[in-house]
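Engineer:
Numbering (this note's numbering), first residue to last: 40 to 567.
#1: Entirely within the stretch 87 to 145 and at least 3 residues each: give me those beta strand (DSSP E) ranges in chain order.
#2: Taking the Cβ atom as the reference point for each residue, do residue 343 and residue 279 lie within a distance shorter than 7 angstroms?
#3: Under a Cβ-count criterion, where at least 16 other Cβ atoms within 10 Å of its own Cβ denotes burial, should residue 382 be classed as buried or exposed?
#4: What did DSSP end up calling residue 565 once you bin it into helix, strand or coil?
#5: What residue from 84, 202, 503 has the CA that sits closest to residue 166's CA?
#6: Which ranges would you report for the beta strand (DSSP E) in the stretch 398 to 454 if only whole runs of at least 3 residues count?
#7: Between which two residues does the beta strand (DSSP E) carrying residue 574 extend?
#8: Count the other CB atoms, across all protein chains shown, that sit within 10 Å of the CB of residue 482; report buried if there are 16 or more and exposed otherwise.
#9: So is residue 98 buried or exposed if we call it buried at 16+ other beta carbons inside 10 Å?
#10: For residue 63, which residues in the same chain have their Cβ closer than 7 angstroms to its Cβ, ignoring the five residues on either side in sequence?
#11: Less than 7 angstroms separating the beta-carbons of residue 112 and residue 205?
#12: Helix, strand or coil: which one does DSSP assign to residue 468?
#13: CB-CB under 8 angstroms to residue 76, same chain, minus the five flanking residues each way: which ones, in chain order?
#14: Go ahead and pull the three-state DSSP assignment for residue 244.
#15: Which whole-angstrom value describes the C-beta separation of residue 281 and residue 293, a residue pair presumed to lie in contact below a C-beta threshold of 8 angstroms?
#16: Give me the Cα-Cα distance between residue 270 and residue 475, rounded to the nearest whole angstrom.
#17: Roughly how many angstroms separate the alpha carbons of residue 536 and residue 543, rounded to a whole number?
#18: Going by the beta-carbon positions, is the gap between residue 486 and residue 525 smaller than 7 angstroms?
#19: Leaving out five residues before and five after residue 147 in sequence, what residues of the same chain have Cβ atoms less than 7 angstroms from its Cβ?
#20: Can you list, in chain order, the residues of its chain with a C-beta nearer than 6 angstroms to that of residue 118? Leave out the 5 residues immediately preceding and following it.
#21: Which stretch, first to last residue, makes up the beta strand (DSSP E) that contains residue 179?
#22: Taking buried to mean at least 16 other C-beta atoms within 10 Å of its own C-beta, is residue 469 buried or exposed?
#23: If we ignore side chains and look at the alpha-carbon of each, how far apart do residue 377 and residue 494 end up?
#24: To the nearest whole angstrom, what separates the beta carbons of residue 23 and residue 411, a pair I think is in contact under 8 angstroms?
#25: In the DSSP output, which residue or residues are listed as bridge partners for residue 338?
#26: Output the distance between the C-alpha atoms of residue 572 and residue 69, rounded to the nearest integer angstrom.
#27: Measuring only the C-alpha atoms, how far is residue 262 from residue 169?
#28: Where does residue 556 land, buried or exposed, given buried means 16+ other C-beta within 10 angstroms?
#29: Nearest to residue 369 by alpha carbon, out of 252, 484, 455, 267?
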């Protein structure tokens with residue numbers, strides 16, 4: 040009886056179980072295939088506003104508004120609908136006459152189960168008698184690193200379209216992982232070409248933190264064309280502005296919208312300019328009250344210049360919070376240096392010392408420079424301003440140097456003083472270092488050679504040259520060299536001007552890192 044009851048219970052349980060699809064097996068990796076389209080691909084004289092694509096399986100087209108590229112831009116919104124295995128795209132307004140349109144669906148159509156995107160899905164039609172068939176191809180690379188740039192918009196604009204930032208391109212495409220692009224079905228005409236990283240996906244160059252590249256001259260496209268590499272660079276062309284102001288008892292800070300390269304400040308109503316000091320650090324401009332004579336608001340005119348040489352003028356009222364007679368505890372004054380303790384140096388040494396607050400006292404005569412030879416060596420001290428000091432020396436040390444700053448020789452405007460500060464560094468002799476020499480094909484244009492670390496994020500030395508550059512006494516390690524063609528001989532890299540269609544100054548760099556060894560000369564390096 041118990042056996043019959045057990046069998047009956049098992050039968051009921053199995054009868055109530057949910058029937059599911061068997062697990063296991065390989066996933067479906069086959070993308071949906073296009074069965075038909077209306078209109079058909081390469082249709083001419085199409086006058087409708089609707090496009091319908093049918094596939095061999097159920098589809099998901101939820102990403103169509105982000106993925107569908109229509110070239111040229113029809114200038115009209117559209118609706119999309121999906122029913123089973125068919126997607127319909129319908130425009131609100133008629134398409135332009137005598138125009139070839141390319142609908143590039145990219146990854147917008149996927150199968151419903153495994154989300155495999157349809158491959159190379161593109162529909163080309165013409166509203167006129169002819170299908171435009173010109174193709175423009177090329178590659179986009181980074182101006183500095185020369186590496187290919189992914190997802191950069193390459194756009195063609197009618198030759199009379201200026202300024203670019205306010206318009207969408209007539210034809211456009213994005214670069215692939217190799218930086219390559221192909222603009223297809225282009226009408227023969229004159230165009231300007233602009234490449235930019237479209238971070239906000241609005242098909243406009245918004246000038247802030249987007250990479251930019253352009254051709255200074257128009258293109259007259261009459262046949263299939265392959266262009267030389269288009270180089271793009273980070274270019275914030277927006278105007279600098281004030282984001283925030285912070286007032287304290289002895290310090291007033293302006294937080295700017297972007298980093299500034301230089302700042303020049305004048306005052307409308309300040310008789311004693313030594314009572315107020317300012318210092319620019321990235322996107323912050325600090326004002327310091329050095330004397331108690333400042334009791335009223337100071338009207339400042341601030342001239343800012345960024346790395347693209349864009350100059351902005353800000354007018355700002357500078358004021359300090361009322362002193363509440365709170366006794367401030369003095370702190371140890373910090374000293375920052377470009378050289379770290381224990382870092383290997385050559386016999387030509389340059390210390391760059393900086394302070395986060397303005398100094399009111401500097402007893403630089405008490406700074407001591409010692410070597411293992413015990414010989415007294417002369418050091419050159421240059422006071423740049425009240426927050427920066429440079430110390431240079433050509434030492435005869437054989438093994439080690441020591442820069443020693445005794446306590447209480449620096450004092451900032453808050454009364455803070457320094458403690459004992461010591462830098463000890465090993466010194467390499469000439470036979471323990473290397474040499475880098477090279478040239479460019481152009482031996483006439485003024486140029487700037489920059490020696491950088493392996494990551495290219497630190498400048499170690501620079502020199503101006505026309506024929507050859509030469510870096511001597513290089514500490515063994517891995518380096519890059521970047522050369523700027525300083526066409527206007529102003530000592531800096533000029534990024535170009537989009538409004539004036541002036542291209543940026545040319546930059547070339549070593550494609551691979553250079554390994555410098557002790558007592559080794561790397562000559563005849565070619566950069567082009």
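Backbone N, C-alpha and C fix where the C-beta goes; we use that ideal spot for every residue, glycine too.
Structural biologist: The short version:
#1: 89 to 94, 108 to 110, 117 to 122, 125 to 130, 139 to 143
#2: Looking up residue 343 in the chain shown gives position 304. Looking up residue 279 in the chain shown gives position 240. Yes.
#3: Here residue 382 corresponds to residue number 343 of the chain shown, with the count starting at 1. With fewer than 16 Cβ atoms within 10 Å of its Cβ, residue 382 is classed as exposed.
#4: Taking the chain shown and counting its residues from 1, the one referred to as residue 565 is at position 526. Three-state DSSP puts residue 565 in a strand.
#5: Taking the chain shown and counting its residues from 1, the one referred to as residue 166 is at position 127. Considering only alpha carbons, the answer is 84.
#6: 398 to 401, 407 to 410, 419 to 424, 427 to 433, 439 to 444, 449 to 451
#7: Here the chain covers residues 40 to 567 and nothing more, so residue 574 does not appear.
#8: Translated into positions along the chain shown, residue 482 becomes position 443. Residue 482 comes out exposed.
#9: Your numbering for residue 98 matches position 59 in the chain shown. Result: buried.
#10: To locate residue 63, count along the chain shown from 1; it is residue 24. Note that residue 63 scores 46 on pLDDT, short of 50, meaning its location in the model is unreliable; the coordinates nonetheless yield the value given after this. Answer for residue 63: no residue qualifies.
#11: Here residue 112 is taken as the residue at index 73 of the chain shown, counted from 1. Here residue 205 is taken as the residue at index 166 of the chain shown, counted from 1. In this structure, residue 205 does not lie closer than 7 angstroms to residue 112 by Cβ.
#12: Here residue 468 is taken as the residue at index 429 of the chain shown, counted from 1. Residue 468 falls in the coil class under three-state DSSP.
#13: Indexing the chain shown from 1 puts residue 76 at position 37. Once the five neighbours on either side are set aside, the close Cβ partners of residue 76 are 90, 91, 92, 93, 162.
#14: Here residue 244 is taken as the residue at index 205 of the chain shown, counted from 1. Three-state DSSP puts residue 244 in coil, outside helix and strand.
#15: As a position in the chain shown, residue 281 is number 242, starting the count at 1. As a position in the chain shown, residue 293 is number 254, starting the count at 1. Yes, they are in contact, since the Cβ atoms of residue 281 and residue 293 sit about 6 angstroms apart, within 8 angstroms.
#16: In the chain shown, the residue the question calls residue 270 occupies position 231. In the chain shown, the residue the question calls residue 475 occupies position 436. Whole-angstrom Cα-Cα distance: 27 angstroms.
#17: One-based indexing of the chain shown puts residue 536 at position 497. One-based indexing of the chain shown puts residue 543 at position 504. Using only the alpha carbons, I get a separation of about 7 angstroms.
#18: Residue numbering aside, residue 486 sits at position 447 when the chain shown is read from its first letter. Residue numbering aside, residue 525 sits at position 486 when the chain shown is read from its first letter. Yes, they are a contact pair.
#19: Locating residue 147 in the chain shown gives position 108, where the first residue counts as 1. The answer, listed in chain order, is 100, 102, 103, 106, 107.
#20: For the purposes of this step, residue 118 is taken as residue 79 along the chain shown, with counting starting at 1. So the qualifying residues of the chain are 129.
#21: Position 140 of the chain shown holds residue 179. Here the beta strand (DSSP E) through residue 179 covers 173 to 181.
#22: On the chain shown, residue 469 is found 430 positions in, with the first residue counted as 1. Flag for residue 469 reads exposed.
#23: Numbered from 1 along the chain shown, position 338 holds the residue referred to as residue 377. Numbered from 1 along the chain shown, position 455 holds the residue referred to as residue 494. Distance between the alpha carbons of residue 377 and residue 494 is about 17 angstroms.
#24: Here the chain has residues from 40 to 567 only, and residue 23 is not among them.
#25: Reading the chain shown from its first residue, position 299 is the one you call residue 338. 356, per the DSSP bridge assignment.
#26: The chain is shown only over 40 to 567; residue 572 falls outside these bounds and no answer can be derived.
#27: On the chain shown, residue 262 is found 223 positions in, with the first residue counted as 1. On the chain shown, residue 169 is found 130 positions in, with the first residue counted as 1. Roughly 16 angstroms between the two C-alpha positions.
#28: Start at 1 with the first residue of the chain shown, and residue 556 comes out as number 517. When all chains shown are included, residue 556 counts as exposed.
#29: Within the chain shown, residue 369 is the residue found at index 330, counting from 1. The residue with the shortest Cα to Cα distance from residue 369 is 455.
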